[in-house]
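A.B. asks: Going by full-length UniProt numbering, the first residue of the sequence shown is number 1, and it counts up by one from there. For every residue, glycine included, the Cβ atom is placed at its ideal position computed from N, Cα and C. Please see the structure below; I have some questions.
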Amino acid sequence: MTHDVPRDTAAWRFQVWASFVLAFGTTLIGIAYLPIDPWMKGYLAMGVLFTTGSAFTLSKTIRDEHEAQRFLSRISEAKAERILREYELNDGRAQASAQGQGAARVAS
């Protein structure tokens, strides 16, 4: 049983990084050019940095949780396959045994 890991295309990765850099950069430039006191600019910039860091942390946490669920699903799937395989083997042996007993009865 093989599980292919989906890969993002280079175009998608470029779009994601470009949009992040553009959004982050223009927000910081916008804060820098605001006609307000420097302490207010610092407060806004700090808010942007903390929000960005929190977004990365949230994204990683969600991804880790999803990967853990996939792993548990694969384990459950493997257990189910093993149980079915054992059942099929045991069922096949039982049928062969029953057929052998039926043939022995006919011969006697």
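Any idea what DSSP makes of proline 38, helix, strand or coil?
C.D. replies: In the structure shown, proline 38 sits in a helix (DSSP, three-state: H, G or I).
A.B. asks: With respect to the alpha helix (DSSP H) encompassing arginine 7, which residues constitute its N-terminal and C-terminal limits?
C.D. replies: No alpha helix (DSSP H) contains arginine 7, which DSSP labels as neither H nor E.
A.B. asks: Tyrosine 87 by DSSP, collapsed to three states: which one?
C.D. replies: The answer is helix: DSSP assigns tyrosine 87 an H, G or I state.
A.B. asks: Taking DSSP as the reference, what is the three-state secondary structure of tyrosine 33?
C.D. replies: Tyrosine 33 falls in the coil class under three-state DSSP.
A.B. asks: Counting beta carbon pairs with one atom in the stretch 4-22 and one in the stretch 35-42, are three or more of them shorter than 8 Å?
C.D. replies: Segments in contact, no.
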